[in-house]
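Trainee: If you use the working numbering, the sequence shown corresponds to residues 1 to 350, in order.
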Amino acid sequence: MSKSYKIAVLGASGYTGSELVRLLLRHSGLEIAALSADSKAGKPMAEVFPQFAGVDLPELKKIDAIDLAEIDGVFCALPHGTTQEVISQTLAKKPNLKIVDLSADFRLADLDAYAEWYGHPHKAPELQAEAVYGLVEIHREKIRTARLVANPGCYTTTAELPVIALLQAGAIDPEEIVIDAKTGMTGAGRAAKEGMLFSEVSEGIHAYGVGKHRHMAELDQEFSEAAGKPVRPSFTPHLAPMNRGIYATTYVRGTGGTDAERMHGILADRYADEPFVTVLPFGQVPQSRHVRGSNMVQIGVVADRRPGRAIVISTLDNLVKGASGQAVQNMNLVLGLPETMGLEQVALFP
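As structure tokens, then:
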């Protein structure tokens with residue numbers, strides 16, 4: 001690789017930030033030039049994440065201390081609600097930067113919907129107007145020319161890849177989409193929280209955000225665009241006692257005589273050439289352990305016992321394809337690099 005782009009990771013002390021570092025260390029086209037953290041500023045990355053012991057990495061800095069002069073691309077792995085102002089300030093300093101934002105701050109094109117779901121007005125509406133929703137397999141061509149890419153959520157990526165393809169094909173009833181999804185503990189972030197203690201979450205599973213989870217707004221947006229009319233799916237997230245993974249079971253009803261086997265064929269054809277999406281043989285069910293540590297998505301389709309209905313199951317690693325891996329995929333596209341670069345690792349099993 002003759003050209004190496006210099007990259008800054010803002011928010012490197014969180015799980016998605018550390019996952020970006022892990023992926024970028026083996027990326028031949030992207031070089032880690034700066035890492036930021038707030039409370040951890042001044043510390044070596046290996047002190048925050050000991051798996052990087054012995055690895056030559058930049059010291060963690062405050063965002064304002066990073067020199068953008070030689071930076072080509074920025075990953076923002078910052079908490080929701082803080083990124084709009086940070087990105088506005090960053091682009092004001094260097095307008096030609098390419099930015100992939102891993103927070104939810106630029107995912108919703110409708111400013112009123114953002115205010116409704118996040119409880120405050122959007123702080124950078126002019127940037128929202130240019131932001132591209134970074135679901136690569138659906139919006140690849142728009143992403144290529146974007147300056148600001150909004151990396152999708154982990155839950156939404158898992159559910160959207162199969163459902164959008166079926167909606168675009170007119171194969172399922174948009175009024176009957178029910179998504180039951182489970183996430184691993186890393187989806188809740190690294191901050192200390194009583195409800196995230198081992199004894200609070202182990203040996204059990206529970207639903208949360210029932211009927212009002214913020215990812216519903218993303219699902220509404222992308223499903224509606226795919227169907228060409230408003231779509232409001234049912235979606236319930238659950239917290240499962242595992243470190244990594246998203247597992248989504250989606251119940252759909254076919255239209256115009258489309259049965260489960262035909263739905264499987266639509267998905268298999270749609271994703272046949274996608275490097276990171278595998279549609280399993282009809283009737284086979286994916287397992288979250290089979291995508292752990294990889295940028296892969298596995299999709300399975302099983303016939304429901306009721307005619308015309310199907311159970312579509314999809315899974316991915318929430319920290320890779322659900323966050324940092326997809327972010328690298330997006331950065332590869334906006335910088336003109338091969339899309340799969342730095343993401344070729346297979347799943348870690350067992």
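The C-beta atom is built at its ideal place from N, Cα and C for all residues, glycine as well.
For Val285, does the three-state DSSP call read helix, strand or coil?
Mentor: Here residue 285 corresponds to residue number 285 of the sequence shown, with the count starting at 1. Of the three classes helix, strand and coil, the one that applies to Val285 here is coil, per DSSP.
Trainee: Check this for me: beta carbons of Ala104 and Thr183, under 8 Å apart or not?
Mentor: Taking the sequence shown and counting its residues from 1, one reaches residue 104 at position 104. Taking the sequence shown and counting its residues from 1, one reaches residue 183 at position 183. Not a contact, by the Cβ cut-off of 8 Å.
Trainee: Please report the straight-line C-alpha distance between Tyr65 and Asp72, rounded to a whole angstrom.
Mentor: One-based indexing of the sequence shown puts residue 65 at position 65. One-based indexing of the sequence shown puts residue 72 at position 72. Correcting the residue identity first, residue 65 is Ala in this sequence and not Tyr. Here the alpha carbon of Ala65 sits roughly 16 Å from the alpha carbon of Asp72.
Trainee: DSSP state of Ile143, grouped into three classes?
Mentor: Your numbering for residue 143 matches position 143 in the sequence shown. Ile143: helix per DSSP, three-state reduction.
Trainee: List, from N- to C-terminal side, the alpha helix (DSSP H) runs of 4 residues or more that fit wholly inside the segment 184-249.
Mentor: 198-201 and 215-227
Trainee: Between the Cα of Val55 and those of Leu78, Arg26, Ser39 and Gly265, spot the shortest distance and give me the residue it belongs to.
Mentor: Position 55 of the sequence shown, counting from 1, holds the residue named residue 55. Selected option, being the one with the closest Cα: Arg26.
Trainee: The alpha helix (DSSP H) with Arg22 in it runs from where to where?
Mentor: Counting from 1 along the sequence shown, the entry for residue 22 is found at position 22. Tyr15 to Leu24 is the span of the alpha helix (DSSP H), which, as asked, contains Arg22.
Trainee: Is it true that the CB of Leu60 sits closer than 8 Å to the CB of Arg40?
Mentor: Position 40 of the sequence shown, counted from the first residue, corresponds to residue 40. Position 60 of the sequence shown, counted from the first residue, corresponds to residue 60. The question names Arg, yet the displayed sequence has Lys at residue 40. Yes, the pair counts as a contact, with Cβ atoms nearer than the cut-off.
Trainee: Determine whether the beta carbon atoms of Leu267 and Ile299 lie at a separation below 8 Å.
Mentor: Position 267 of the sequence shown holds residue 267. Position 299 of the sequence shown holds residue 299. Yes, Cβ-Cβ distance for Leu267 and Ile299 is below 8 Å.
Trainee: Which residue wins for smallest C-alpha separation from Thr315, given the options Pro95, Ala347, Ser202 and Pro79?
Mentor: The count along the sequence shown starts at 1 and reaches residue 315 at position 315. Nearest of Pro95, Ala347, Ser202 and Pro79 to Thr315, Cα basis: Ala347.
Trainee: For Pro174, does the three-state DSSP call read helix, strand or coil?
Mentor: In the sequence shown, residue 174 corresponds to position 174, counting from 1. Here Pro174 sits in strand by DSSP.
Trainee: What residues in its chain sit with their C-beta under 6 Å from that of Ala131, if we drop five residues either side in the sequence?
Mentor: Here residue 131 refers to the residue found at position 131 when the sequence shown is read from its first residue. Here the set comprises Phe106, Leu148 and Ala150.
Trainee: Our contact map puts Ile177 next to Thr249 with C-beta atoms below 8 Å; I'd like the distance itself, whole angstroms only.
Mentor: Here residue 177 refers to the residue found at position 177 of the sequence shown. Here residue 249 refers to the residue found at position 249 of the sequence shown. Actually they do not touch by this definition, with Cβ atoms about 12 Å apart.
Trainee: Measure from the alpha carbon of Val210 to the alpha carbon of each residue in Leu10, Ser234, Ala34 and Ala12, then state which is nearest.
Mentor: By 1-based counting over the sequence shown, the position of residue 210 is 210. By alpha-carbon distance to Val210, the top candidate from Leu10, Ser234, Ala34 and Ala12 is Ser234.
Trainee: Starting from the C-beta of Met1, find all residues in its chain whose C-beta is less than 6 Å away, skip the five residues before and the five after it, and write them out in chain order.
Mentor: Within the sequence shown, numbered from 1, the residue matching residue 1 stands at position 1. With a pLDDT of 43 at Met1, under the threshold of 50, the modelled position of this residue cannot be trusted; read the value that follows with caution. Correct list, in chain order: Ser28 and Gly29.
Trainee: Could you tell me whether the segment 159-170 touches the segment 266-282, using the rule of 3 or more Cβ pairs below 8 Å?
Mentor: Counting Cβ pairs under 8 Å, three or more are found: they touch.
Trainee: Assuming Gln284 and Val136 form a contact by the criterion Cβ under 8 Å, report the distance between their Cβ atoms to the nearest whole angstrom.
Mentor: As a working mapping, residue 284 is identified with position 284 in the sequence shown. As a working mapping, residue 136 is identified with position 136 in the sequence shown. The pair is not a contact, with the Cβ atoms about 24 Å apart (cut-off 8 Å).
Trainee: Kindly provide the ranges of any alpha helix (DSSP H) runs that are 4 or more residues long and lie completely inside the segment 38-80, ordered along the chain.
Mentor: Listed in chain order, the complete alpha helix (DSSP H) runs (minimum 4 residues) inside the segment 38-80 are 45-48.
Trainee: Shortest alpha-carbon distance to Lys6 belongs to which of Met341, Phe349, Leu335 and Ala37?
Mentor: On the sequence shown, position 6 is the one that residue 6 refers to. Lys6 has its Cα closest to that of Leu335, out of Met341, Phe349, Leu335 and Ala37.
Trainee: Taking the straight line between their C-alpha atoms, what separation do you get for Leu111 and Phe349?
Mentor: On the sequence shown, residue 111 is found 111 positions in, with the first residue counted as 1. On the sequence shown, residue 349 is found 349 positions in, with the first residue counted as 1. Going from the Cα of Leu111 to the Cα of Phe349 covers about 42 Å.
Trainee: Using the three-state DSSP reduction, which class does Ser88 fall into: helix, strand or coil?
Mentor: By 1-based counting over the sequence shown, the position of residue 88 is 88. Reduced to three states, the DSSP call for Ser88 is helix.
Trainee: Name the DSSP beta bridge partners of Leu316, please?
Mentor: Sequence index remark: in the sequence shown, residue 316 carries index 316 (1-based). Note: Leu316 sits in a beta bridge opposite Ile246 and Val297.
Trainee: Can you find at least 3 beta carbon pairs, one from the segment 223-237 and one from the segment 274-284, that sit closer than 8 Å?
Mentor: Three or more Cβ pairs closer than 8 Å define a contact, and the segment 223-237 falls short of that threshold against the segment 274-284.
Trainee: Are the beta-carbon atoms belonging to Gly153 and His238 less than 8 Å from one another?
Mentor: As a first step, residue 153 must be located in the sequence shown, where it is residue number 153. As a first step, residue 238 must be located in the sequence shown, where it is residue number 238. Not in contact: Gly153 and His238 (Cβ atoms no closer than 8 Å).
Trainee: Near Ser288, what residues of its chain come up, given a Cβ to Cβ distance below 6 Å and the 5 sequence neighbours on each side ignored?
Mentor: Stepping through the sequence shown from its first residue, residue 288 is reached at position 288. The residues are Gly245, Tyr247 and Thr315.
Trainee: Helix, strand or coil: which one does DSSP assign to Met1?
Mentor: Here residue 1 refers to the residue found at position 1 when the sequence shown is read from its first residue. Caution applies to Met1, whose pLDDT of 43 falls short of 50 and renders its modelled position unreliable; the model cannot decide the point.
Trainee: Note down the Cα distance separating Gln33 from Leu343, rounded to an integer number of angstroms.
Mentor: Here residue 33 corresponds to residue number 33 of the sequence shown, with the count starting at 1. Here residue 343 corresponds to residue number 343 of the sequence shown, with the count starting at 1. In the sequence as displayed, the identity of residue 33 is Ala instead of Gln. Each residue's Cα considered, the two are about 19 Å apart.
Trainee: Looking at Leu68: is its Cβ nearer than 8 Å to the Cβ of Lys93?
Mentor: Working through the sequence shown from its first residue, we reach residue 68 at position 68. Working through the sequence shown from its first residue, we reach residue 93 at position 93. The answer is yes: Cβ separation under 8 Å.
Trainee: Give the straight-line distance between the Cα atoms of Thr16 and Ala323, rounded to the nearest whole angstrom.
Mentor: Numbered from its first residue, the sequence shown carries residue 16 at position 16. Numbered from its first residue, the sequence shown carries residue 323 at position 323. If you take the alpha carbons of Thr16 and Ala323, they lie about 7 Å apart.
Trainee: Measure from the alpha carbon of Tyr133 to the alpha carbon of each residue in Val163, Ala165, Leu219 and Pro58, then state which is nearest.
Mentor: By 1-based counting over the sequence shown, the position of residue 133 is 133. Nearest option by C-alpha distance: Leu219.
Trainee: For the beta strand (DSSP E) that Val100 lies in, which residues bound it at each end?
Mentor: One-based indexing of the sequence shown puts residue 100 at position 100. First-last of the beta strand (DSSP E) with Val100: Lys98 to Asp101.
Trainee: Could you tell me the distance, in whole angstroms, from the CA atom of His290 to the CA atom of Gln326?
Mentor: Mapped onto the sequence shown, residue 290 falls at position 290. Mapped onto the sequence shown, residue 326 falls at position 326. Between His290 and Gln326, the C-alpha separation is close to 18 Å.
Trainee: Provide the residue span of the alpha helix (DSSP H) that contains Leu166, from first to last.
Mentor: Counting from one through the sequence shown, the residue named residue 166 turns up at place 166. It spans Cys154 to Gln168 - the alpha helix (DSSP H) in which Leu166 sits, taken as one unbroken run.
Trainee: Among Asn318, Arg292 and Tyr251, which has the Cα closest to the Cα of Arg305?
Mentor: Along the sequence shown, one-based indexing puts residue 305 at 305. Comparing Cα-Cα distances from Arg305 to each of Asn318, Arg292 and Tyr251, the minimum goes to Tyr251.
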